[in-house]
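Written out below as structure tokens is the structure these notes cover.
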Ligand code: HSE
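See below:
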């Protein structure tokens with residue numbers, strides 16, 4: 019499978035590390051091989067080589083901050099824009115791992131449309147296109163017998179979308195409720211041990227949990243974006259941000275956390291949705307609520323279904339390899355199902 023990556027930050031590099039370290043195992047066990055032919059970034063430059071880029075050199079160049087340090091190779095281009103790489107029609111899938119924009123979804127949305135028009139599958143970690151233009155992208159993909167997958171957009175590689183869309187395909191999902199942002203859960207957990215808000219946020223950024231602009235995490239918008247995606251994917255309902263009540267954790271003080279602790283409670287940023295709408299709100303939970311014990315960057319979601327009752331999934335919500343894995347799992351799913359007779 020030949021891939022073009024838009025973006026090469028934490029998630030893109032995590033995915034590339036997985037390909038570097040597990041490439042031969044994936045080929046041996048699953049007959050899965052992936053080659054990165056193009057990478058476009060806002061700050062490091064761009065690289066394209068139709069016969070494949072060297073992943074180790076790519077990761078080394080990215081670590082140094084510029085693709086100028088990527089060694090020369092026959093057929094290597096350093097001057098192509100994303101649209102030109104897509105137009106070359108040599109790649110099988112576009113991997114969108116650039117920063118999320120929940121207001122316009124651009125420029126990612128345009129690349130997603132160009133890629134589908136050029137016959138490429140989509141695997142996204144970028145939440146913007148899935149949150150804002152799901153119905154159109156989905157229909158275009160179906161018309162062209164292509165796939166759009168976005169496991170990374172909700173709970174990193176914890177298989178939330180695979181569970182909801184594949185494993186539970188015959189159930190009606192009535193509601194979803196959980197902890198959907200790793201950064202804020204990490205901050206709240208650290209603050210309970212006495213760490214300051216600023217130090218905890220700095221750590222969450224260092225660990226690669228936070229978005230490029232972390233205000234979206236701490237003000238609740240990242241979790242809200244995930245609810246837009248769940249609204250589309252679980253309920254077939256294209257929510258707008260205006261349909262959701264959104265607040266974050268910026269007003270929760272060390273004193274509030276201590277008060278909750280003294281009362282046998284714990285603050286969690288709870289996101290919930292039904293087909294009628296949803297909310298993201300910092301909530302004091304009793305310690306015997308299972309969500310109260312989901313700590314650090316871990317996320318959790320409970321899906322209420324018609325045939326299976328409640329199903330709860332707990333796992334990584336953010337992180338380099340954890341989100342990189344989501345891209346791998348999407349591409350493997352595409353490979354498994356796209357060539358079915
Ligand atoms: N910033 C996000 C979070 C990354 O903290 O959950 C995963 O979507």
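Numbering (the numbering used here), first residue to last: 19 to 359.
From the three backbone atoms N, C-alpha and C, an ideal C-beta is built for every residue, glycine too.
Where residue i falls: helix, strand or coil (DSSP)
i	result
residue 319	strand
residue 148	helix
residue 187	coil
residue 328	strand
residue 24	strand
residue 299	strand
residue 196	strand
residue 270	coil
residue 141	strand
residue 204	helix
Alpha-carbon spacing of residue i relative to residue j, whole angstroms
i	j	result
residue 268	residue 69	48 Å
residue 360	residue 183	Outside the shown range of the chain (19 to 359) lies residue 360, about which nothing can therefore be said.
residue 297	residue 209	23 Å
residue 277	residue 215	16 Å
residue 175	residue 113	15 Å
residue 86	residue 31	17 Å
residue 134	residue 185	26 Å
residue 359	residue 352	With a pLDDT of only 42 at residue 359, under 50, the local geometry of the prediction cannot be trusted, and the value read off the model is given with reservation. About 14 Å.
residue 66	residue 98	7 Å
residue 92	residue 126	29 Å
residue 150	residue 330	26 Å
residue 187	residue 250	14 Å
residue 42	residue 64	26 Å
residue 270	residue 221	18 Å
residue 33	residue 136	23 Å
residue 203	residue 228	11 Å
residue 354	residue 49	10 Å
residue 236	residue 201	7 Å
Residue i vs residue j beta-carbon contact at 8 Å
i	j	result
residue 57	residue 76	yes
residue 336	residue 196	no
residue 323	residue 143	no
residue 19	residue 349	yes
residue 339	residue 73	no
residue 206	residue 286	yes
residue 347	residue 147	no
residue 140	residue 111	yes
residue 304	residue 313	no
residue 226	residue 28	yes
residue 198	residue 319	yes
residue 194	residue 248	yes
residue 109	residue 24	no
residue 326	residue 130	no
Endpoints, alpha helix (DSSP H) assigned at residue i
i	result
residue 215	215-224
residue 354	338-356
Delimiting residues of the beta strand (DSSP E) encompassing residue i
i	result
residue 56	53-58
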